[in-house]
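Enquirer:
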Amino acid sequence: RCSCTGMEKTRTLFDLQRLYATDPIEADRLVFGRESDPVTRRGFLRNAGLSAMAVVLGGSVVFAKDMPAGLIPALLLEGGDEDLLAKLGKDKGLIVLNDKPFNIETPAHLLDDDVTPETRMFLRNNGLIPTAVDVNTWTLTIDGEAVERKVSFSLKDLKTKFSHHTYRLVLECGGNGRAEFDPPAEGNQWTVGAVQCAEWTGVRLRDLLEKAGVKKNAVYIGYYGTDTHLSGDQDKVVISRGVPMGKALEDETLIAFAMNGKDIPLAHGFPLRLVAGGWPASVSGKWLKRIAVRDKVHDGPKMTGDSYKVPIEPVEPGTEVPEEKLRIIESMPVKSLITYPKSGASLVPGQKLNVRGHAWAGDLAVKEMHVSIDFGTTWSKASLLPPHNRLAWQRWSAELTFPKNGYYEVWARATDSEGHSQPMVVPGWNAKGYLNNACHRIAVRVK
Ligand SMILES: Nc1nc2c(c(=O)[nH]1)N[C@H]1C(S)=C(S)[C@@H](COP(=O)(O)O)O[C@H]1N2
Ligand SMILES: [Mo]
Numbered sequence: 002r003c004s005c006t007g008m009e010k011t012r013t014l015f016d017l018q019r020l021y022a023t024d025p026i027e028a029d030r031l032v033f034g035r036e037s038d039p040v041t042r043r044g045f046l047r048n049a050g051l052s053a054m055a056v057v058l059g060g061s062v063v064f065a066k067d068m069p070a071g072l073i074p075a076l077l078l079e080g081g082d083e084d085l086l087a088k089l090g091k092d093k094g095l096i097v098l099n100d101k102p103f104n105i106e107t108p109a110h111l112l113d114d115d116v117t118p119e120t121r122m123f124l125r126n127n128g129l130i131p132t133a134v135d136v137n138t139w140t141l142t143i144d145g146e147a148v149e150r151k152v153s154f155s156l157k158d159l160k161t162k163f164s165h166h167t168y169r170l171v172l173e174c175g176g177n178g179r180a181e182f183d184p185p186a187e188g189n190q191w192t193v194g195a196v197q198c199a200e201w202t203g204v205r206l207r208d209l210l211e212k213a214g215v216k217k218n219a220v221y222i223g224y225y226g227t228d229t230h231l232s233g234d235q236d237k238v239v240i241s242r243g244v245p246m247g248k249a250l251e252d253e254t255l256i257a258f259a260m261n262g263k264d265i266p267l268a269h270g271f272p273l274r275l276v277a278g279g280w281p282a283s284v285s286g287k288w289l290k291r292i293a294v295r296d297k298v299h300d301g302p303k304m305t306g307d308s309y310k311v312p313i314e315p316v317e318p319g320t321e322v323p324e325e326k327l328r329i330i331e332s333m334p335v336k337s338l339i340t341y342p343k344s345g346a347s348l349v350p351g352q353k354l355n356v357r358g359h360a361w362a363g364d365l366a367v368k369e370m371h372v373s374i375d376f377g378t379t380w381s382k383a384s385l386l387p388p389h390n391r392l393a394w395q396r397w398s399a400e401l402t403f404p405k406n407g408y409y410e411v412w413a414r415a416t417d418s419e420g421h422s423q424p425m426v427v428p429g430w431n432a433k434g435y436l437n438n439a440c441h442r443i444a445v446r447v448k
C-alpha cells in the first residue's frame, strides 16, 4: 500500500535493540543525536540528545559525559518495545515512527473510542518535550502589534477568572496519510492514525483577547510554546503557527488546561495548550506561553515557505511549485476511519458484520456516510450520528452481509455538508504530503 521509499525513511523504535546490536554508533546518532569520536568511540551527547534521553529514561543521565557511545541504557533493556511505549504513556499497539524526536501513530482499530484516551492518542513533536514545567510560575502572555495592551495570566487566573468550556475536538496532523504519496514526501510516514478526538476543557481564547483589546488591524494570532529546538539551542523557536482572527474568535477555540477531565499529559502540552479543532493539529500549540496578535499573517517557524501549504491549483506529481502558488492549509478535508473491525477480520459464512468508525470534516459537519464491499462499484448508506458538539467527530455504523466465501475489502466514504466526498485514490499530490483524505479500507475474509 505504501511505497518502499516511504518504508525506508521510517524506522520504528521496535528496532532499537537490533540497531544497537548491529551498529551502536549509528543507533546513538539516530536515537539521541549523539556524536562519537571515531577513534575512542566515546560519545558526546549534545543538549538535544541529552534531553531526548532524559525524557525516555525519566530523568537526566548524571554522568552523561562518561557514558560510552553505543551503550544501550539498561532501563531500555529491561523491557521490549511495549515497555518503551509504556514509558511514553502509550498503549502497546501504537506504532513509533523513529524520527527524532518521538512521533507515534495509532492503528485505526485503536481509535474506536468516542473520546480518544491519552494511551491511544498519536504523538507529534517537532522539537523536544519540555522536561521542567513549574505550574506556580507559569504564565500566558498576550501581546503583539494588534493588541491595546500586553496582558499576562497565571494558571490560577485562567482557572478562576474566566468561564470554563468543554468541547470534543478533532486534531488531525496535516500530514496524516503522507505515506501514500508518490513521489513520496519526506517527513513522518503517517498512514491513517495521526488523528484523535479528545475532550478539552479551558477558557475561550476570545475571552482572553478581550482583556488585551484586539485592535482593528488584527489579522492573525501566533502561538509560542516552551519546547526545545532539536539543535539544543534554547533561543530557537521550534514551531510557532496560528490561525486568522475568525478562527481565533470561535466559541470552540480554547486555551485548554485539561484533557479528558485531567491535567493535559506532559507530551500533549501540559500545562496549557491552544486547541483549534478541525484545522491541521499543528495550529494547536502545546506548552503554550504566549499568543501574539499580529497585524499580518503570522510568520513564525513553520508558517512560512512551503510548511503546511498546498498548491492552489492541482499539479502533476513531482512538480516544484513556487511559494506564491501555495496556500496555507486551513480547515481539513472530509475524512473517515473504520475503527471496527481490525483489518484482516475473519467471518464464518453467513455471519453479519457490524462495521463502525468515525467521520469528520474540518470546520464542516459530515452529512452522509457510505460503505462498499465491492471496491466502490456499489455503495450503501451507513447510519451516522450528529457530532457531540461542533468540530467533534461523528460515529457511523453499518451492518454488512457477504454473498459467499472469499476475500473482501470494506471501503468507507464520508460526504461533508457542502457535498464533498472522500476520493477513492490519493488526492492532490503536494511536495510535503499533506491532506490525503482517501477512503480508508480494511480486509475481511469469509471462510
Ligand atoms: N509547541 C508545539 N506545539 C505543537 C507541536 C510542536 O512540535 N510543538 N506540534 C504540532 C503538530 S505538527 C501536531 S500534529 C500536534 C500533535 O499533537 P499531539 O502530540 O498532542 O497529538 O501538535 C502541534 N503542536
Ligand atoms: Mo502535524
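Mind the numbering: the sequence shown is residues 2 to 448 in my numbering, read in order.
Even glycine gets a Cβ: it sits at the ideal position worked out from N, Cα and C.
Since the model is a prediction, treat every value here as computed from it, not as a measurement.
1. Could you check the C-alpha separation between Thr13 and Glu149 for me, to the nearest Å?
2. List the endpoints of the continuous beta strand (DSSP E) containing Val242.
3. Considering only residues of the same chain and omitting the five flanking positions on each side of Gly90, which have a CB-CB separation below 8 Å?
4. Give the straight-line distance between the Cα atoms of Cys198 and Pro69, rounded to the nearest whole angstrom.
5. I'd like to know whether the C-beta atoms of Ala109 and Thr340 end up nearer to each other than 8 Å.
6. The alpha helix (DSSP H) that contains Ala213, what's its start and end?
7. Does the distance from the C-beta atom of Ser332 to that of Met370 stay below 8 Å?
8. In this structure, how does DSSP classify Met425 when only helix, strand and coil are distinguished?
9. Alpha carbon to alpha carbon, how far is Val311 from Asn431? Give it in angstroms, no decimals.
10. Would you tell me roughly how many angstroms separate the C-alpha atoms of Lys303 and Val349, rounded to the nearest one?
11. Sort out for me which residues DSSP pairs Lys310 with in a bridge.
12. For Leu289, which beta-bridge partners are listed by DSSP?
13. Pairing CB atoms from the segment 431–442 with CB atoms from the segment 178–185, are three or more of them under 8 Å?
14. Which one of Pro131, Leu85, Glu106 has the shortest CA to CA distance from Ser61?
15. Who are the Cβ neighbours of Val116 in its own chain at under 8 Å, not counting the five residues just before and after it?
16. Is the segment 409–423 touching the segment 368–385 in the sense that three or more CB pairs, one from each, lie closer than 8 Å?
17. Using the beta-carbon count (16 or more within 10 Å), is Thr138 buried or exposed?
18. Is there at least one non-hydrogen atom of ligand 1 closer than 7 Å to the beta-carbon of Asp228?
19. Beta-carbon within less than 7 Å of Lys212's beta-carbon, same chain only, minus the 5 sequence neighbours each way: which residues are those?
20. Where does Val335 sit, in a helix, a strand or coil, going by DSSP?
21. Can you tell me whether Leu72 is buried or exposed, with buried defined as 16 or more other CB within 10 angstroms of its CB?
22. Are Arg205 and Thr142 closer than 8 Å when you measure CB to CB?
23. Thr404: buried (16+ other C-beta within 10 angstroms of its C-beta) or exposed?
24. Can you name, in chain order, every residue of its own chain whose Cβ lies under 7 Å from the Cβ of Val215, other than the five neighbours on each side?
25. Could you compute how far the alpha carbon of Asn406 sits from the alpha carbon of Gly94?
26. In whole angstroms, give me the CA-to-CA distance for Gly145 and His299.
27. Give me the Cα-Cα distance between Ala186 and Pro428, rounded to the nearest whole angstrom.
28. What do you get for Cys5, buried or exposed, if any count of 16 or more other CB atoms within 10 angstroms of its CB means buried?
29. Can you tell me whether Val56 is helix, strand or coil according to DSSP?
30. Out of Pro272, Gly247, Ile292, point me to the one whose CA is closest to Ile240's CA.
31. With DSSP run on the structure shown, which of helix, strand or coil describes Lys442?
32. On the three-state DSSP scale, how would you describe Asn437?
33. According to DSSP, simplified to helix, strand and coil, what is Lys297?
34. Mind listing, in chain order, the continuous alpha helix (DSSP H) runs of no fewer than 4 residues lying wholly within the segment 150–177?
35. Three-state secondary structure (DSSP) at Asn431?
Expert: This is what the structure holds:
1. In the sequence shown, residue 13 corresponds to position 12, counting from 1. In the sequence shown, residue 149 corresponds to position 148, counting from 1. Low confidence applies to Thr13: its pLDDT is 39, below 50, so where it sits in the model is not reliable, and the reading given next is rough at best. About 49 Å.
2. Within the sequence shown, numbered from 1, the residue matching residue 242 stands at position 241. Residue identity differs from the one stated: residue 242 is Arg in this sequence, not Val. That residue, Arg242, is in no beta strand (DSSP E); it is neither H nor E in DSSP.
3. Along the sequence shown, one-based indexing puts residue 90 at 89. Correct list, in chain order: Glu119, Thr120, Pro266, Ala268.
4. Here residue 198 refers to the residue found at position 197 when the sequence shown is read from its first residue. Here residue 69 refers to the residue found at position 68 when the sequence shown is read from its first residue. Separation of Cys198 and Pro69 (C-alpha to C-alpha, rounded to the nearest whole angstrom) is 42 Å.
5. In the sequence shown, counting from the first residue as 1, residue 109 sits at position 108. In the sequence shown, counting from the first residue as 1, residue 340 sits at position 339. Yes, these two residues count as a Cβ contact at 8 Å.
6. Here residue 213 refers to the residue found at position 212 when the sequence shown is read from its first residue. Taken as a continuous stretch (DSSP letters only), the alpha helix (DSSP H) holding Ala213 covers 206–213.
7. Residue mapping note: residue 332 aligns to position 331 of the sequence shown, counting from 1. Residue mapping note: residue 370 aligns to position 369 of the sequence shown, counting from 1. Not closer than 8 Å, so no.
8. Sequence index remark: in the sequence shown, residue 425 carries index 424 (1-based). In this structure, Met425 counts as coil in the three-state DSSP scheme.
9. By one-based count along the sequence shown, residue 431 stands at place 430. By one-based count along the sequence shown, residue 311 stands at place 310. Each residue's alpha carbon lies about 6 Å from the other.
10. Taking the first residue of the sequence shown as 1, we reach residue 303 at position 302. Taking the first residue of the sequence shown as 1, we reach residue 349 at position 348. Straight-line Cα distance between these residues: approximately 50 Å.
11. To locate residue 310, count along the sequence shown from 1; it is residue 309. Its beta-bridge partners are Ile329.
12. Looking up residue 289 in the sequence shown gives position 288. Per DSSP, Gly226.
13. Enough Cβ pairs lie closer than 8 Å, so yes.
14. The residue you call residue 61 lines up with position 60 of the sequence shown. Each of Pro131, Leu85, Glu106 was checked against the Cα of Ser61, and the nearest Cα belongs to Pro131.
15. In the sequence shown, counting from the first residue as 1, residue 116 sits at position 115. Listed in chain order, the non-local C-beta contacts of Val116 below 8 Å within the same chain comprise Arg169, Cys198, Ala199, Glu200, Asn261, local neighbours out to five positions each way being set aside.
16. The count of Cβ pairs closer than 8 Å, one atom from the segment 368–385 and one from the segment 409–423, reaches three, so the stretches are in contact.
17. Position 137 of the sequence shown, counting from 1, holds the residue named residue 138. It is exposed - the Cβ of Thr138 has fewer than 16 other Cβ atoms within 10 Å.
18. The count along the sequence shown starts at 1 and reaches residue 228 at position 227. Result yes, Cβ under 7 Å from ligand 1.
19. As a first step, residue 212 must be located in the sequence shown, where it is residue number 211. Excluding sequence neighbours, Lys212 sits near Val152.
20. As a working mapping, residue 335 is identified with position 334 in the sequence shown. For Val335, the secondary structure class from DSSP, reduced to helix, strand or coil, is coil.
21. For the purposes of this step, residue 72 is identified with residue 71 of the sequence shown, where counting begins at 1. The residue in question, Leu72, is exposed, as its Cβ has fewer than 16 Cβ neighbours within 10 Å.
22. What you label residue 205 is simply residue 204 of the sequence shown in a count that begins at 1. What you label residue 142 is simply residue 141 of the sequence shown in a count that begins at 1. Not a contact, by the Cβ cut-off of 8 Å.
23. Within the sequence shown, the letter at position 403 stands for residue 404. Checking the sequence, you will find Pro at residue 404 rather than Thr. Exposed, since its Cβ has fewer than 16 Cβ neighbours within 10 Å.
24. Numbered from its first residue, the sequence shown carries residue 215 at position 214. Only Ala147, Val148, Val294 meet the Cβ criterion.
25. Taking the first residue of the sequence shown as 1, we reach residue 406 at position 405. Taking the first residue of the sequence shown as 1, we reach residue 94 at position 93. For the pair Asn406 and Gly94, the Cα-to-Cα distance works out to about 30 Å.
26. Looking up residue 145 in the sequence shown gives position 144. Looking up residue 299 in the sequence shown gives position 298. If you take the alpha carbons of Gly145 and His299, they lie about 10 Å apart.
27. As a position in the sequence shown, residue 186 is number 185, starting the count at 1. As a position in the sequence shown, residue 428 is number 427, starting the count at 1. Going by the C-alpha atoms only, they are around 14 Å apart.
28. For the purposes of this step, residue 5 is taken as the residue at position 4 of the sequence shown. In this predicted model, Cys5 has a pLDDT of only 29, less than 50, meaning its place in the structure is not dependable enough to derive any value.
29. By one-based count along the sequence shown, residue 56 stands at place 55. Helix.
30. The count along the sequence shown starts at 1 and reaches residue 240 at position 239. Taking only the C-alpha atoms, the option nearest Ile240 is Ile292.
31. Start at 1 with the first residue of the sequence shown, and residue 442 comes out as number 441. The amino acid at residue 442 is misidentified as Lys; the sequence shows Arg. DSSP places Arg442 in strand when its eight states are reduced to three.
32. In the sequence shown, the residue the question calls residue 437 occupies position 436. Reduced to three states, the DSSP call for Asn437 is coil.
33. As a first step, residue 297 is located in the sequence shown; it is residue number 296 there, counting from the start. Coil, per DSSP.
34. Runs found: 156–162.
35. As a first step, residue 431 is located in the sequence shown; it is residue number 430 there, counting from the start. In the structure shown, the three-state DSSP call for Asn431 is coil.
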